[in-house]
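Following: one structure in structure tokens, then a few remarks.
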Amino acid sequence: MELSEALALWEQDFSQKPKFALNVFIARCCNTPELKEKRGEILRAVIYAMDLPLDRLLPDPQQLFESDAEYKAAVNHRLDNETAVFVVLLSALLKKFDYATQGGIRNFLVENLHKLKLEARSAQRIREWLSGQSTQLAANYKIEVLQQLVNITYIVMCQYAGPVKADQLLAQALKEIEPEARSRNVSLQDFL
Numbered sequence: 082m083e084l085s086e087a088l089a090l091w092e093q094d095f096s097q098k099p100k101f102a103l104n105v106f107i108a109r110c111c112n113t114p115e116l117k118e119k120r121g122e123i124l125r126a127v128i129y130a131m132d133l134p135l136d137r138l139l140p141d142p143q144q145l146f147e148s149d150a151e152y153k154a155a156v157n158h159r160l161d162n163e164t165a166v167f168v169v170l171l172s173a174l175l176k177k178f179d180y181a182t183q184g185g186i187r188n189f190l191v192e193n194l195h196k197l198k199l200e201a202r203s204a205q206r207i208r209e210w211l212s213g214q215s216t217q218l219a220a221n222y223k224i225e226v227l228q229q230l231v232n233i234t235y236i237v238m239c240q241y242a243g244p245v246k247a248d249q250l251l252a253q254a255l256k257e258i259e260p261e262a263r264s265r266n267v268s269l270q271d272f273l
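Quick note on the numbering used here: the sequence shown kicks off at 82 and runs consecutively.
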């Protein structure tokens, strides 16, 4: 299901229902094998977001776009090779930790996005992806930005696991995604 369809479904059928109806909403949205696999994670992210104070909520995604066509174009965005490899790398790094720690790492990244000095839409798109509001990253980023994100991820990994373990986990993740990077002609050293 496309993000715009999920938003419409929410607004039409679920926005006025109690929290326990979220399970049905998420089940209806998770209609592909990939999404079904992440259903529990998505449900937890939505429940977490619903419990946030209003001042911590992100703006309505549709308000960021001038038209429905622009909104749909962002949802169906195709990543460049560097950004695609970054997504795979960050996913590989996060999988090294339990769900609670993954959430902490993602939150740390979101809280430190201001250091990247991104333009508003680019920052919003990566914030949505990191916070679980979007299942796909809908923007491409320069290698310098991706490198900074990997660096921030490494810093928080050191806080959770210690520097020696963080080095080991980073090395494992790089080895795991090396075939993907090679197939896209991307040097993993560019991220370090």
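For glycine and all other residues, C-beta sits at the position ideal for the given N, C-alpha and C.
For residue i and residue j, which I take to be in contact (beta-carbon distance under 8 Å), what is that distance rounded to the nearest angstrom?
i, j, result
"A247", "Y235", "6 Å"
"F272", "L170", "6 Å"
"R109", "L84", "R109 to L84, Cβ: 14 Å. No contact."
State buried or exposed for residue i, treating a residue as buried only when at least 16 other CB atoms are found within 10 Å of its CB.
i, result
"F167", "buried"
"R137", "exposed"
"I107", "buried"
"Y180", "exposed"
"Q270", "exposed"
"Y222", "buried"
"M238", "buried"
"V226", "buried"
"I128", "exposed"
"T113", "exposed"
"V245", "exposed"
"K177", "buried"
"R263", "exposed"
Report the rounded CA-to-CA distance for residue i versus residue j, giving the unit in angstroms.
i, j, result
"Q228", "R125", "29 Å"
"R202", "A242", "32 Å"
"G185", "V191", "10 Å"
"F95", "A204", "28 Å"
"A102", "N266", "45 Å"
"N104", "S215", "17 Å"
"N193", "Q93", "35 Å"
Provide the residue span of the alpha helix (DSSP H) that contains residue i, from first to last.
i, result
"Q240", "224-242"
"L194", "Segment: none, L194 is in no alpha helix (DSSP H) and carries neither H nor E."
"P114", "114-118"
"Q205", "201-211"
"E92", "It is not in any alpha helix (DSSP H) - E92 carries neither H nor E in the DSSP assignment."
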